[in-house]
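Student:
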Ligand code: SDX
């Protein structure tokens, strides 16, 4: 970051001396006011619950222009990456800063492919769960448990250890997610197959059985690969900030990523795709398009507690570019699978049409986000609703680990430790007789 020639001056209405703060500029996007010395100079904290106006770090990985609805991974627009790359290209880009050339791609893909197996003991670890446990509960446990198997790559001060952990996590997430699914189905685990691409391997581990040869459907592979690309990273969202804060204590990468998985599960974040599909299915089962008007009135009634899942975003105040690409993927997949008449897709398009015209949504700049169409695509290719967020976690692992690595590679990083505005009881004595 570069020091701006302008500075910020904080003045007080009670005549207290004003205080100057440096302003820093990034490559693009808003400048930042460096308030690290604020408390030392004023004995006061800033107050920003939810971090609406707070930059927690500097980063070179992803940039979002919320007003324009633009998303860049290492400077490349998501629209170009989604069409010209596969997910492992994006992993190389996000981890190493640039797209791989042919030789780098061959090496990177081979490295990931040869780390896809997990320790056999994890099969027994899974047996501790109920079969009907939510896949995200299982995945949170499985990812955290990896720390018990990989002591040889948990020295976070060692860049090589950090690289090995990154490859292990990217490579093993598909295997773990597929194992969680198979376990819930009471079916045997399917081992990775090294002659398949990353995403084709995942599809086979999810849907093959030992009873017959399994032919991977290219439409399904392309759709999932696109979903992985669109979910790979997204600046300092709640789960990425969780990984950074957790990792800032010096804990191992598996524990930090497990914290990210746990945070992503929430319906306001990565759990929204599951919640969105449940919303669409509930609407479809209770009157469908004819009842959309009444449903939207409920959404606009604050007391109903009903939200239009898959809509709205803290940063995007325009159409989420990923939602546009996801809608396009939806159309391609439904037509390739002969499901053009999918009533849920029609219902989603009608909800979007109404919302984009309704002043309640327009005034609040509420647009479809990445979760609005991703559930319809996944349902069409046979992924059960309960697995949607686990697949989001699979895709986001590369972003989490790259952001964690970026933090630890900064020699000046510190443990994250926010302050507070205390509004509790003033000091008081414990009554003598109780
Ligand atoms: C993801 O941060 C990221 O980058 C996340 C993510 C990523 O890739 O990591 O993009 C992935 O999490 C996408 C978001 C998925 N969540 C949902 O689709 C759940 C539904 N959306 C919301 O709950 C909400 O929009 C949030 C949580 C996404 C954003 O919430 P904010 O920024 O805190 O906004 P807010 O709750 O303060 O809402 C502002 C206004 C409020 O109305 P008023 O009080 O001003 O009258 O908009 C309303 C809200 O009531 N509102 C909605 C709404 N979202 C916001 N009203 C109805 N339906 C909605 N979905």
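In the working numbering, the protein residues as written are 1 to 434.
Just so you know, even glycine gets a beta-carbon here, dropped at the ideal spot from N, CA and C.
Considering residue 240, what are the terminal residues of the alpha helix (DSSP H) in which it resides?
Tutor: Where residue 240 is concerned, the enclosing alpha helix (DSSP H) stretches over 238-247.
Student: Looking at the unbroken alpha helix (DSSP H) that takes in residue 174, where does it start and where does it end?
Tutor: Note, residue 174: alpha helix (DSSP H), 159-185.
Student: Pop quiz: residue 235 and residue 62 are said to be a contact at Cβ under 8 Å. What is the actual Cβ separation, rounded to whole angstroms?
Tutor: Confirmed, Cβ separation roughly 5 Å.
Student: By Cβ distance, which residues of its chain are closer than 7 Å to residue 210, with the 5 residues on each side in sequence left out?
Tutor: 188.
Student: Please determine whether the Cβ atom of residue 371 lies at a distance below 7 Å from any heavy atom of the ligand SDX.
Tutor: Yes.
Student: Could you give the uninterrupted runs of the beta strand (DSSP E) lying entirely in the stretch 257-296, keeping only those of 3 residues or more?
Tutor: Correct list: empty.
Student: Does DSSP put residue 436 in a helix, in a strand, or in coil?
Tutor: There is simply no residue 436 to check, as the chain begins at 1 and stops at 434 in what is shown.
Student: Going by Cα to Cα distance, which pick from 316, 392, 241, 273 is closest to residue 372?
Tutor: If we check each option's Cα against that of residue 372, 273 comes out closest.
Student: CA-CA distance, residue 72 and residue 394?
Tutor: If you take the alpha carbons of residue 72 and residue 394, they lie about 20 Å apart.
Student: Rounded to the nearest angstrom, what separates residue 175 and residue 212 at their Cα positions?
Tutor: Approximately 20 Å, taken between the alpha carbons.
Student: Indicate the three-state DSSP secondary structure (helix, strand or coil) for residue 78 in the structure shown.
Tutor: Of the three classes helix, strand and coil, the one that applies to residue 78 here is helix, per DSSP.
Student: Does chain B have any CB closer than 8 Å to the CB of residue 343?
Tutor: Given the protein chain composition of this structure (a single chain), no chain B is represented.
Student: Since residue 21 is in the beta strand (DSSP E), which residue starts that stretch and which ends it?
Tutor: That run of the beta strand (DSSP E) goes 19-25.
Student: In whole angstroms, what separates the C-alpha of residue 407 from that of residue 413?
Tutor: Taking the straight line from one Cα to the other gives about 6 Å.
Student: Give me the residue from 203, 53, 5, 431 with the minimum Cα distance to residue 225.
Tutor: Cα-wise, what sits closest to residue 225 is 203.
Student: Going along the chain, which unbroken runs of the alpha helix (DSSP H) with 4 or more residues stay wholly within the stretch 184-210?
Tutor: Counting whole runs of 4 or more residues, the stretch 184-210 contains the alpha helix (DSSP H) stretches 198-207.
Student: What residue from 1, 44, 5, 32 has the CA that sits closest to residue 12's CA?
Tutor: Answer by Cα proximity: 44.
Student: Taking residue 5 as part of the alpha helix (DSSP H), name the residues at either end of that continuous run.
Tutor: From DSSP, residue 5 is part of no alpha helix (DSSP H) but of the beta strand (DSSP E) over 2-10.
Student: Tell me whether residue 153 is buried or exposed, calling it buried when 16 or more other Cβ atoms sit within 10 Å of its Cβ.
Tutor: Buried, by the Cβ-count rule.
Student: Can you tell which of 19, 32, 56, 48 has the C-alpha that lies nearest to the C-alpha of residue 38?
Tutor: If we check each option's Cα against that of residue 38, 19 comes out closest.
Student: Less than 6 Å between C-beta atoms, sequence neighbours within five positions excluded: which residues of the same chain meet that for residue 228?
Tutor: Closer than 6 Å at the Cβ level, and outside the excluded window around residue 228, lie 87, 395.
Student: Can residue 115 be considered in contact with the ligand SDX, in the sense that its beta carbon sits closer than 7 Å to one or more heavy atoms?
Tutor: No, since every heavy atom of the ligand SDX falls outside the 7 Å radius drawn around the Cβ of residue 115.
Student: So, is residue 195 buried or exposed, given that buried needs 16 or more other C-beta atoms within 10 angstroms?
Tutor: Counting Cβ neighbours within 10 Å, residue 195 comes out exposed, since fewer than 16 surround it.
Student: Got a sec? Which residues, its chain only, sit under 6 Å from residue 6 by beta carbon, not counting five neighbours each side?
Tutor: If we look at residue 6 and ignore the five residues flanking it on each side, its Cβ neighbours are 23.
Student: Measuring alpha carbon to alpha carbon, tell me which of 147, 429, 140, 338 ends up nearest residue 265.
Tutor: Checked all of 147, 429, 140, 338; the closest Cα to residue 265 is 140.
Student: Out of 280, 159, 125, which has the shortest C-alpha to C-alpha gap to residue 146?
Tutor: Checked all of 280, 159, 125; the closest Cα to residue 146 is 125.
Student: If the criterion is Cβ atoms closer than 8 Å, does the pair residue 256 and residue 247 meet it?
Tutor: Yes, these two residues count as a Cβ contact at 8 Å.
Student: What is the residue span of the alpha helix (DSSP H) that residue 42 lies within?
Tutor: 38-42 is the extent of the alpha helix (DSSP H) around residue 42.
Student: Check whether the Cβ atoms of residue 116 and residue 171 lie closer than 8 Å to each other.
Tutor: Result yes, Cβ atoms of residue 116 and residue 171 sit closer than 8 Å.
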